[in-house]
Amino acid sequence: MNPRAVCAVIIGNEVLTAKVVEANGTHLIRRLRERGVELASMHLVRDEVDDLVEQLVACRRRARFIITSGGVGPTHDDVTVRAVALSLQRPVVRLPEMEARIRAYYADRPMPEEALRMAEGPAGSTLIASEDPRFPVLECDGVFMLPGVPQLFKMHLEAVLQQLPGKPGVLRQLFLSVGEADIAHALDAVARARPHVALGSYPTWGETNDHRVRLTVEHESAGEVDATVEALVNALGAGAIIRRE
Numbered sequence: 005m006n007p008r009a010v011c012a013v014i015i016g017n018e019v020l021t022a023k024v025v026e027a028n029g030t031h032l033i034r035r036l037r038e039r040g041v042e043l044a045s046m047h048l049v050r051d052e053v054d055d056l057v058e059q060l061v062a063c064r065r066r067a068r069f070i071i072t073s074g075g076v077g078p079t080h081d082d083v084t085v086r087a088v089a090l091s092l093q094r095p096v097v098r099l100p101e102m103e104a105r106i107r108a109y110y111a112d113r114p115m116p117e118e119a120l121r122m123a124e125g126p127a128g129s130t131l132i133a134s135e136d137p138r139f140p141v142l143e144c145d146g147v148f149m150l151p152g153v154p155q156l157f158k159m160h161l162e163a164v165l166q167q168l169p170g171k172p173g174v175l176r177q178l179f180l181s182v183g184e185a186d187i188a189h190a191l192d193a194v195a196r197a198r199p200h201v202a203l204g205s206y207p208t209w210g211e212t213n214d215h216r217v218r219l220t221v222e223h224e225s226a227g228e229v230d231a232t233v234e235a236l237v238n239a240l241g242a243g244a245i246i247r248r249e
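Per my numbering: the sequence shown = residues 5 to 249.
This is the structure in C-alpha cells:
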C-alpha cells in the first residue's frame, strides 16, 4: 500500500448510464495534481453494495486514502456509507453531531424521518469542517465520503485536501517537430538513465497544431527536472525542439 496515495471511487448508476455527465473525477484529478497528491487509480462503480465493497477493499490494498463521490444522500440508492462500513468491517451508527446538524437544518419545517439517514456513518467516523455551513465531510480510517453533486463535491474536496500529504512537483514541457517513432530510441535511453523522473510523450494530430509530440518532464526537484530536460535536448538534438515551456 502506498502511504501517500489516493484512490478515487465515483459512484452512481446515473454516471454509467449517461444520465448525468461525470464532472467530479476531472476536477479531482486536477486538484490532486495541483496539491502534489499522488492519484493511484480512479474507478466508476454502480450503486450496488457488493460491487462497491469489492472496489473499496481493492483500493485499500493500493492506497492509504480513498475519496468517494456520490451515494451519501437519504434515498434507496445511497449505499456508500453502508459499503464503506462493510469494507472496514465496522457497524453503521448514528453520529450525534450529524443528527444535531440535520435537525437544525429542518428547524423551521417538518423533518422527514428519512433525512436522518444522512446522520449515519461507519463506527469511528470523524467529521471534517468544510465551507458548507450545513454539513461537514464524513471520514473513516482514511476514506472520505463526499457528495456527488458537483458544487458540493468541490466545496468538500478543499477540506479533504488539507488532510492529505502532498508536495507539488515541477513540470517542464518540450514541443517537438518530429514524430514519436523518431524520438523513441533517445527517449528510451533518457528514461533508463533517469528512472526516478517521470517522462511523458503525447503525440498530436491535425493541421492546427504547431508540434507533433509534446514531452513532459516532472519531479519534485527542479534540479532533477532541468537535468533531465538537458539530457533530452542532447539526445534529441536541438533541431527537433520547437519550444520549451
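Backbone N, C-alpha and C define an ideal beta-carbon position, used for all residues, glycine too.
Quick caveat, the model's predicted, so the values are computed rather than measured.
Quick one: give me the first and last residue of the alpha helix (DSSP H) that Tyr109 is part of. Numbered from 1 along the sequence shown, position 105 holds the residue referred to as residue 109. Where Tyr109 is concerned, the enclosing alpha helix (DSSP H) stretches over 100-109.
Reduced DSSP category for Thr84 - H, G, I as helix; E, B as strand; rest coil: Residue mapping note: residue 84 aligns to position 80 of the sequence shown, counting from 1. In this structure, Thr84 counts as helix in the three-state DSSP scheme.
With a cut-off of 8 Å on the beta carbons, I'd call Ser91 and Val141 a contact; round off their distance for me. Locating residue 91 in the sequence shown gives position 87, where the first residue counts as 1. Locating residue 141 in the sequence shown gives position 137, where the first residue counts as 1. At roughly 18 Å, the Cβ-Cβ gap does not stay under 8 Å, so Ser91 and Val141 are not in contact.
Assuming Pro95 and Met122 make a contact with CB atoms under 8 Å, what is their CB distance in whole Å? To locate residue 95, count along the sequence shown from 1; it is residue 91. To locate residue 122, count along the sequence shown from 1; it is residue 118. Actually they are not in contact, since the Cβ atoms of Pro95 and Met122 sit about 17 Å apart, beyond 8 Å.
Are the CB atoms of Thr220 and Gln155 within a distance shorter than 8 Å? On the sequence shown, residue 155 is found 151 positions in, with the first residue counted as 1. On the sequence shown, residue 220 is found 216 positions in, with the first residue counted as 1. Going by C-beta atoms, Gln155 is not nearer than 8 Å to Thr220.
Can you tell which of Leu43, Val53, Arg35, Leu240 has its C-alpha closest to the C-alpha of His160? One-based indexing of the sequence shown puts residue 160 at position 156. The residue with the shortest Cα to Cα distance from His160 is Arg35.
Out of Glu52, Leu165, Val24, Leu191, point me to the one whose CA is closest to Gly4's CA. Absent from the structure is residue 4, since the part of the chain shown begins at 5 and ends at 249.
Cα-Cα separation between Arg66 and Val85, rounded to whole angstroms: As a working mapping, residue 66 is identified with position 62 in the sequence shown. As a working mapping, residue 85 is identified with position 81 in the sequence shown. Distance between the alpha carbons of Arg66 and Val85: 20 Å.
Cross-strand partners of Pro126 (DSSP beta bridge): The residue given as residue 126 occupies position 122 in the sequence shown. Looking at the DSSP assignment, Pro126 forms a beta bridge with Val96.
Let's see if you can read the secondary structure: which residues bound the beta strand (DSSP E) around Met149? Your numbering for residue 149 matches position 145 in the sequence shown. Counting along the chain, the beta strand (DSSP E) containing Met149 begins and ends at 147-150.
Please report the residue range of the beta strand (DSSP E) in which Met46 lies. Mapped onto the sequence shown, residue 46 falls at position 42. Per DSSP, Met46 belongs to the beta strand (DSSP E) from 42-49.
Should Ser129 go down as buried or exposed, given a rule of 16 or more other Cβ atoms within 10 Å for buried? Translated into positions along the sequence shown, residue 129 becomes position 125. Label assigned to Ser129: buried.
From Ala202, Val41, Gly227, Glu18, pick the residue whose C-alpha is nearest to that of Pro7; which is it? The residue you call residue 7 lines up with position 3 of the sequence shown. Residue Val41 is the option with its Cα nearest to Pro7.
Could you spell out the range, first to last residue, of the alpha helix (DSSP H) harbouring Phe139? For this step, residue 139 is matched to residue 135 along the sequence shown. No alpha helix (DSSP H) contains Phe139, which DSSP labels as neither H nor E.
Can you find the residues in the same chain that come closer than 6 Å, C-beta to C-beta, to Pro172, ignoring five residues on each side of it along the sequence? Counting from 1 along the sequence shown, the entry for residue 172 is found at position 168. Contacts found: Gly40.
Whole-angstrom C-beta distance between Leu43 and Ala12, which should lie under 8 Å: Here residue 12 refers to the residue found at position 8 when the sequence shown is read from its first residue. Here residue 43 refers to the residue found at position 39 when the sequence shown is read from its first residue. Right, their Cβ atoms sit about 7 Å apart.
Can you tell which of Ser181, Glu234, Leu203, Gly152 has its C-alpha closest to the C-alpha of Val24? On the sequence shown, residue 24 is found 20 positions in, with the first residue counted as 1. Comparing Cα positions, the closest option is Gly152.
For Ser181, count the other beta carbons within 10 Å of its own beta carbon; 16 or more makes it buried, fewer makes it exposed. Which is it? Position 177 of the sequence shown, counted from the first residue, corresponds to residue 181. By the neighbour-count rule (16 or more Cβ atoms within 10 Å), Ser181 is not buried but exposed.
Locate the alpha helix (DSSP H) running through His200, then write down its first and last residues. Working through the sequence shown from its first residue, we reach residue 200 at position 196. Looking at the DSSP string, His200 is not in any alpha helix (DSSP H), and its letter there is neither H nor E.
Is Ser91 helix, strand or coil when you go by DSSP? Taking the sequence shown and counting its residues from 1, the one referred to as residue 91 is at position 87. Helix.
Helix, strand or coil for Glu234? Go by DSSP, reduced to three states. Reading the sequence shown from its first residue, position 230 is the one you call residue 234. In the structure shown, Glu234 sits in a helix (DSSP, three-state: H, G or I).
Enclosing alpha helix (DSSP H) for Ala62 [first to last residue]: The residue you call residue 62 lines up with position 58 of the sequence shown. It spans 53-66 - the alpha helix (DSSP H) in which Ala62 sits, taken as one unbroken run.
Per DSSP, which residues does Gly75 bridge with? Please list them. Position 71 of the sequence shown, counted from the start, is the residue given in the question as residue 75. Beta-bridge pairing links Gly75 to no other residue.
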